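If you read the sequences in order, they're chains A and B.
Each number in our numbering corresponds to the 1-based position in the first sequence with 79 added.
Each number in our numbering corresponds to the 1-based position in the second sequence with 17 added.
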Amino acid sequence: MAAPPPPSPDPQFVLRGTQSAVHALHFHSGAQGQGCPLLFSGSQNGLVHIWSLQTRRVLTTLDNHGGQCVTWLQTLPQGHQLLSQGQDLRLCLWDLTEGRNAVVDFVHLESMGFCRGSTLAMGQQRWTLAVPGKGTDEVQILEMPSKTSVCTLKPEADAKPGMPMCLELWQADSSSRPLLLVGYEDGSVALWDISQRKVCSRVACHTEPVMSLDFDSQKTRGVSGSAEKALAVWSLDEQQALQVCRTHEITNPGIADVKIRPDHRILATAGWDHRIRVFHWRTMKPLAVLAFHSAAIHCVAFANDGLLAAGSKDQRISVWSLYTQT
Amino acid sequence: MAVFDTPEEAFGVLRPVCVQLTKAQTVENVEHLQTQLQSVSDSALQELQQYILFPLRFTLKTPGPKRERLIQSVVECLTFVLSSTCVKEQELLQELFSELSACLYSPKSQKPAAVSEELKLAVIRGLSTLMHSAYGDIIVTFYEPSILPRLGFAVSLLLGLAEQEKSKQIKTAALKCLQVLLLQCDCQDHPRSLDELEQKQLGDLFASFLPGISTALTRIITGDFKQGHSIVVSSLNVFYKTVSFIMADEQLKRISKVQAESTVEHRVAKLMVHREADWVKSTGGKLTILIKKIIECVSVHPHWKVRLELIELVETLLLKCSQSLVESAGPLLKALVGLVNDESPEVQAQCNQVLRHFAGQKVVVGNRAFADILSENLHSLATSLPRLMNSQDDQGKVSSLSLLLGYLKLLGPKVNFVLNSVVHLQRLSKALVQVLELDVTDIKIVEERRWNTDHLSASPKTSAMRPWSQVQRRYFRFFTDERVFLLLQQVCQLLGFYGNLYLLVDHFMGLYHESVFYRKQAAMILNELVIGAAGLDVEDLHEKHIKTSPEELREIVTSILEEYTSQENWYLVTCIKTEEMREELTLKQPGFQAITSGAHNTCQATSLPAFSKPSPTICSMNSNIWQICIQLEGVGHFAYSLGEDFRLLLMSVLYPVLEKAGDRTLLISQAATNSMMDICHACGYDSLQHLINQNSDYLVNGISLNLRHLSLHPHTPKVLEVMLRNSDASLLPLVADVVQDVLATLDQFYDKRASSFISVLHALLVALAQWFPDTNHVGQPQEHTAEKEESHLNQRILENNATTAEDIEYFLLSYLKEKDVADGNVSDFYNEEEQSKPPEVDEKDTGPDVEPPLPVQIQIATDVMERCIHLLSDKSLKIRLKVLDVLDLCVFVLQSHKNQLLPLAHRAWPSIVQRLTNDDPLAVLRAFQVLRTLGGKCGDFLRSRFCKDVLPKLTGSLVTQAPVSARTGQVYSHTLAFKLQLAVLQGLGPLCEKLDLGEGDLNKVADACLIYLSAKQPMKLQEAARSVFLHLMKVDPDSTWFLLNELYCPEQLTPPHPSLHQVQLRGAMGQQNPYKANVLCLLQELP
């Protein structure tokens, strides 16, 4: 085995060739037994690249966002369907079965901004989609694939939380009511009950806009990163009230993305300071600072098998194997 | 001669002759009879057979001494009759048989009679013919027990002849006859085959002769090699036919326990043998001894036909007598297996065919006894192999290994029974490892260096042969014969093919780790195992054998490669490093130690000594070189085994291999290049370039990651260099990406490793300059203006020739007008030029407002040039020189992007001036080159600076150096000062032209160069000086003309018109003027 020298660990490999800043990443492990694992990346120039993790090369390039930045990528649980959100105000649904790559449907978005959408499976074929709405502070909930608007979540007039910056739909195991976590421009995180269309709880976590959040529904604990020099960890009690548990100071300001690994053990952040930080999720103990990129990191993603990918403004995607190196 | 068809006619003719013969038994009479017989037809002869035979037999039977000659002719005549007729009565047959045999019997001695060889031959032929002429069933009835004594007599007679005669003819005939007598003749004349019962009866009968026949034949076979191969071949033939007939399992299993009540008389019954179990067992035992003797002797027989016959023997005996001769099976198989790699292709082919036949018929595998025997043999061979390898000479090793190979072939998948025994596997591997030990004392291995670094362009050979058939010559400690190595290769491949690959790879991997002494051998074996497992070159004798699946193979290969290319096995000390490398080694060591001590105890033990020794011994370096070569060869083998599947492994393998391709040790770089060829072949790339080009992304990945740990991977820049050389413009984005890494690393290490990086940057810019040749070349318009000037000149000359005062006036006027225009007083004649200007302005206008993103190559060149500015003042001259080269290229690439080039040039200027004025002459030379390029690309920008900062220095140095160079001799042309002078003189001309210098500066240049037109200067300098003036002529012909004439005036000038004054120039006319030749030459050029 190659001996990693002490100062800094290396990524397992680096994907090059997007030729544009990378803004969205999403792993797709592929259905059991068929095909190798894939990585989707969305970049500034509006392209979505599909990478084979086996050959480490681009398999296909999807281009349907008119050269506008792709901000969010998500596969749907029922197979080879990919959602891509672009700043051309369109959310495209791609059919990728058996090597196809055609847009089968798209949703017209009403808000430009960087807020990424969120999905929640509701049944065999149905799923709920949350996207930023028409008004600057609104969130729109749609039922898919019929694209029927369920509701628009607008904060009360006196709240003035600013624009929604990040969304996270989830559903407690015990109930069937979908809930939505929204990080707002004023640094607060709010929990909406979609069926009642009201805010259950709202807590100010940051003094700067919340850039991203991730939520662990098992521990009912979430984490959010903002433009400031701190991560906030908050929890949700039985009364569905949000509470800030703690904040974790980091050296440089700006967390563009934060993701909890599917096994709920560790957490990775994408820093504007070109660094990926890895924390122990339960204790928030810092485990590693991964320095490789030469520009701000825009997004991080975890694969089911533990691989971590980070996409950066320097047009590279670094892929890290955390099990062997941390 | 008339033919007598009817018996009556024939009788008429033959009667007198027969009567005559009966009366007087003379040779003449017999011969007369034979002549007459030839005119009788076969059918007639058959009728008269008894009649004719009578006098002949009578002659034989007549008591009293007879002349040999007579007997011989009688026997010959008899043979003739028998060959044309058939014997239909059993009695006659028996009698004739006895009479013929008796001819050779001398009652006095027990031995065959001492008669002439001709007679012996005649009798033998007669017997043979007699047996063939026996009609139908009577031949079977002939072999009844009562004949036993007479038959025995004939058999022993023939054996005696075959053994003791000198004549080869007699021996062969005797053996042939014996075969006929035992009814094993292979000719077509026998009307019917025997049924089972008859076979059994015959077997019973012949069994009595078995001891005699077999021992006698064994004596013949094991006799002197000189007796001729045909005797041995026929003896072997008779031997195995007889043995396989008498001992046939088919017959023996029908033999009843109790001997049937025989009807024959007691005397004969005593001779009869009952072939019951005990007899079979004891006979088998005795035969085994004989068979062993035969095999021992025949398997090394020099003649291939004999060995071929041996294969026949083995095949027949194993097929027909596998139970009765079970004890011989071992030796027989061994003999067969030993001939697998016979030097004769016929024997080899036959042997392989038999083996395949056996395998196909499951003779061995289906037969437990055989399989056990084989495994046992293999066991014992494995046990003794280490000792054999140690003690035997090359020939002995060849035969031992052939045997091993044969066993493996024959056992096929069952080889695993042996391999599963730890002890035996260890024995086997120990032997292999031991014999494969390389000789590492040769100093040449370390010594041979590769100096040209650009040879990667070698095109892959398109031969269909396995690319590594021209494998590097290796020297082994324990053998020199190439065949031994080939056998070892085959053995390993077979092991890989039939054996449990996981088990074997695991075992040899263990050895690889165990000790540095085993490592090379283990790697060699592993390489061959994988080839074998892929089953590409192995001829499968066992059709239903399941091969290792491609996925499994890939997994195994991946793990082996991981081991091969790991830090401690791939980066070995192969040469005594230069100062800086050693420094870096000591730097590297602590960190390395810390890691290995934790993770790999085994590696630490072996690899650290190599690192920690300040100067490793030649042996250890040789050993390291071989190890790397073997591992590289392994990469090629693996590629070959996996084919297209290997592409997936390129991401981890290509980088290390490419790195080794640039190694300074010849052997390593050869091996690496070969293995890349193999990869090309396997993965379907046309050429190395193609391979590198198509997989640049993988390379870039490796490069960029290794750049982060430069101290561990000092060769990384080299790989990038190679990659750049083999890429094309399509890879620009990738290159741009990795260049950022390079520059970042350079910024980090610019004091320590600048030199390797500068060469990368050089390669990079060479590539860029090549990929993006500037389309709107700056030279174009200049040439155009030059042409214009020329036509202008011509025009003027025409005018010059005209002599009228009007012409002169007109000329002056137009000259003044042109001068006006040239000075900028634009008149409306020249609106074309004005029109051409606005679009240029337009283009420039769009520039600053909306800055379009720069092309990537421009961005790279800008970044590189930025670094160059810093490095221009590096301490090391070598680096400064390289940087100047890179700078030159940067300027070339940036030439069409003035917005980027000019600010950089501005910043670089002070350093360049420093190099030009205050540096080593070498640096001055290069700097001057940069200056020339720069002058060509941005003349206006440079003009005033050049005149202010550089020109005085240059001209000054030219002037001061001139007297020096004028005085010295030929040696001077080898000095640096000379080269510098030359370069400056050569460069000044174009520079002056491109920079469009003003009159004053031109004069300075001209003044400085004039001295060099002197004939006293070295020739080259004169030439260069002339070139300066040629350029000056283009810029300002008139003043040049004037200047030259001031030096030397070749002719008296006559004014064009008498009204003008006579002009007298200063140039002296004398022959001694040192400038004469050059000035004349130049003036000729000046039209």
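Note that the Cβ used here is the ideal one computed from N, Cα and C, for glycine as well.
Given the structure is predicted, the values throughout are model-derived calculations rather than measurements.
**OP:** Report all residues from its chain with a CB closer than 6 Å to the CB of Leu144/B; omit the five preceding and five following residues, and keep chain order.
**Re:** If you number the second sequence from 1, residue 144/B lands on position 127. Leu117, Cys194.
**Asked** Between the beta-carbon of Phe256/B and the beta-carbon of Ser231/B, is there less than 8 Å?
**Response** To locate residue 256/B, count along the second sequence from 1; it is residue 239. To locate residue 231/B, count along the second sequence from 1; it is residue 214. Closer than 8 Å, so yes.
- Item | The beta strand (DSSP E) enclosing Trp249/A, as first and last residue numbers | The sequence position of residue 249/A within the first sequence is 170, counting from 1. Where Trp249/A is concerned, the enclosing beta strand (DSSP E) stretches over 243-250.
Report task. Could you spell out where the beta strand (DSSP E) holding Lys338/A opens and where it closes? Result -> The residue given as residue 338/A occupies position 259 in the first sequence. That run of the beta strand (DSSP E) goes 334-339.
Using a Cβ cut-off of 9 Å, pull out every chain B residue sitting near Ser373/A, in sequence order please.
Position 294 of the first sequence, counted from the start, is the residue given in the question as residue 373/A. Neighbours of Ser373/A on chain B, chain order: Gln757, Asp758, Ala761.
Tell me whether Glu800/B sits in a helix, a strand or coil according to DSSP, three-state version.
Looking up residue 800/B in the second sequence gives position 783. For Glu800/B, the predicted model reports a pLDDT of 41, less than 50, meaning its position is unreliable; a value from the coordinates is still stated below. Here Glu800/B sits in helix by DSSP.
**Request:** Between the Cα of Cys1148/B and those of Lys1037/B, Leu543/B, Val457/B, spot the shortest distance and give me the residue it belongs to.
**Result:** With chain B running from 18 to 1104 in the structure shown, residue 1148/B is simply not present.
Can you check whether the C-beta of Val590/B is within less than 8 Å of a C-beta belonging to chain A? In the second sequence, counting from the first residue as 1, residue 590/B sits at position 573. Output row for Val590/B: interface = no.
*Identify every run of the alpha helix (DSSP H) within the stretch 30-76 of chain B, keeping only runs that are complete inside it and at least 4 residues long; order them along the chain.*
You should have 44-54, 59-64.
Discussion item. Considering only the alpha carbon of each residue, which of Ala233/B, Lys243/B, Val736/B lies closest to Leu304/B?
Written reply: Position 287 of the second sequence, counted from the start, is the residue given in the question as residue 304/B. Selected option, being the one with the closest Cα: Ala233/B.
- Task: Would you give the residue range spanned by the alpha helix (DSSP H) that Cys697/B belongs to?
- Result: As a working mapping, residue 697/B is identified with position 680 in the second sequence. Segment 683-700, the alpha helix (DSSP H) holding Cys697/B.
Item checked: Inter-stretch contact (C-beta, 8 Å, three-pair minimum) for the stretch 417-426 of chain B and the stretch 395-405 of chain B -> The stretch 417-426 of chain B vs the stretch 395-405 of chain B: in contact.
- Query: From the beta carbon of Arg536/B, is the nearest beta carbon of chain A less than 8 Å away?
  - Reply: Position 519 of the second sequence holds residue 536/B. Under the Cβ criterion of 8 Å, Arg536/B is not counted among the residues facing chain A.
**OP:** Ignoring anything shorter than 4 residues or poking outside the stretch 900-961 of chain B, list the alpha helix (DSSP H) runs there in chain order.
**Re:** Those alpha helix (DSSP H) runs which fall completely within the stretch 900-961 of chain B and span 4+ residues are 915-934, 938-954.
Quick one, are the C-beta atoms of Gln123/A and Ser99/A less than 8 Å apart?
Walking along the first sequence from the start, residue 123/A turns up at place 44. Walking along the first sequence from the start, residue 99/A turns up at place 20. Contact: yes.
- Query: For a contact meaning CB atoms closer than 7 Å, what does Pro750/B contact in chain A?
  - Reply: Counting from 1 along the second sequence, the entry for residue 750/B is found at position 733. For Pro750/B, the neighbours in chain A by C-beta distance under 7 Å run, in chain order, Gly96, Gln98.
I want to verify the contact list: residues of chain B whose CB lies under 7 Å from the CB of Thr134/A, in sequence order. For this step, residue 134/A is matched to residue 55 along the first sequence. Near Thr134/A (Cβ distances below 7 Å), the residues of chain B are Leu665.
When you compare each of Thr39/B, Leu95/B, Asp1013/B to Gln63/B by their alpha carbons, which one comes out closest?
The count along the second sequence starts at 1 and reaches residue 63/B at position 46. For the residues Thr39/B, Leu95/B, Asp1013/B, the minimum Cα distance to Gln63/B belongs to Leu95/B.
key: Helix, strand or coil at Ala269/A [DSSP, three-state]   = Along the first sequence, read from residue 1 onward, the residue named residue 269/A stands at position 190. In the three-state scheme derived from DSSP, where H, G and I count as helix and E and B as strand, Ala269/A is classed as strand.
Just confirm the distance between the C-beta atoms of Leu751/B and Asp714/B, as a whole number of angstroms; I'd bet it's less than 8 Å. Counted from its first residue, the second sequence places residue 751/B at position 734. Counted from its first residue, the second sequence places residue 714/B at position 697. At roughly 6 Å, the Cβ-Cβ gap stays under 8 Å, so Leu751/B and Asp714/B are in contact.
With the cut-off set at 8 Å, would you say Ala550/B and Gly513/B are in Cβ contact?
Start at 1 with the first residue of the second sequence, and residue 550/B comes out as number 533. Start at 1 with the first residue of the second sequence, and residue 513/B comes out as number 496. When the beta-carbon positions are compared, Ala550/B and Gly513/B come within less than 8 Å of each other.
Against chain B, which members of the stretch 377-402 of chain A pass a CB distance test of less than 9 Å?
Here the close residues are Asp393, Gln394, Arg395.
#### Entry: Pick from Thr39/B, Ala1032/B, Ser1056/B that is closest to Lys1021/B, judged by C-alpha positions
The residue given as residue 1021/B occupies position 1004 in the second sequence. Comparing Cα-Cα distances from Lys1021/B to each of Thr39/B, Ala1032/B, Ser1056/B, the minimum goes to Ser1056/B.
Rounded to whole angstroms, what is the Cα-Cα separation between Gln186/B and Leu73/B?
By 1-based counting over the second sequence, the position of residue 186/B is 169. By 1-based counting over the second sequence, the position of residue 73/B is 56. Going from the Cα of Gln186/B to the Cα of Leu73/B covers about 26 Å.
### Message
Whole angstroms are fine: how far does the CA of Gln876/B sit from the CA of Leu1012/B?
### Response
Looking up residue 1012/B in the second sequence gives position 995. Looking up residue 876/B in the second sequence gives position 859. So the two alpha carbons sit approximately 27 Å from each other.
Check: Is it buried or exposed for Asn331/A, if we count other Cβ within 10 angstroms and need 16 for buried?
Finding: Taking the first residue of the first sequence as position 1, residue 331/A is located at position 252. Exposed: under 16 other Cβ atoms inside 10 Å.
- Query: Who are the Cβ neighbours of Arg324/B in its own chain at under 8 Å, not counting the five residues just before and after it?
  - Reply: Here residue 324/B refers to the residue found at position 307 when the second sequence is read from its first residue. Here the set comprises Val315, Ser316, His318, Leu356, Asp359, Ser361, Val364.
### Task
Give the single residue among Trp926/B, Phe375/B, Glu1010/B whose Cα lies nearest to the Cα of Gly953/B.
Taking the first residue of the second sequence as 1, we reach residue 953/B at position 936. The candidate whose alpha carbon is nearest that of Gly953/B is Glu1010/B.
- Query: Can you name the residues that DSSP bridges to Thr198/A?
  - Reply: As a first step, residue 198/A must be located in the first sequence, where it is residue number 119. DSSP, once it has assigned bridges, lists Leu208/A as partnering Thr198/A.
* Scan the stretch 654-686 of chain B for residues whose Cβ lies nearer than 7 Å to a Cβ of chain A and list them as they occur along the chain. => Flagged, chain order: Leu665, Met668.
For Gly212/A, which option in Pro224/A, Arg205/A, Val186/A has the closest C-alpha, if you only look at C-alpha atoms?
Your numbering for residue 212/A matches position 133 in the first sequence. Closest option to Gly212/A, Cα to Cα, is Val186/A.
* To do: Return the Cβ separation of Met290/A and Ala347/A in integer angstroms, given the expectation that the two are a contact with Cβ distance under 8 Å.
  => Within the first sequence, numbered from 1, the residue matching residue 290/A stands at position 211. Within the first sequence, numbered from 1, the residue matching residue 347/A stands at position 268. The beta carbons of Met290/A and Ala347/A sit about 14 Å from each other, so the pair does not count as a contact at 8 Å.
- request: Determine the contact status of Ala367/A and Val379/A, defining contact as a CB-CB distance below 8 Å.
  value: Counting from one through the first sequence, the residue named residue 367/A turns up at place 288. Counting from one through the first sequence, the residue named residue 379/A turns up at place 300. Their beta carbons are not under 8 Å apart, which means Ala367/A does not touch Val379/A by this criterion.
Practice task
Using only alpha-carbon positions, find the residue among Thr52/B, Glu267/B, Val717/B that is nearest to Leu342/B.
Solution key: Numbered from its first residue, the second sequence carries residue 342/B at position 325. Closest option to Leu342/B, Cα to Cα, is Glu267/B.
For the stretch 720-732 of chain B, which residues have a beta carbon sitting closer than 7 Å to at least one beta carbon of chain A? Within the stretch 720-732 of chain B, the residues whose Cβ lies closer than 7 Å to some Cβ of chain A are Ser721, Leu722, Arg725, His726, Leu729, listed in chain order.
Worksheet item: If you count every other CB in all the chains shown that lies within 10 Å of the CB of Gly125/A, and 16 or more means buried, which is it?
Response: Position 46 of the first sequence holds residue 125/A. Result: buried.
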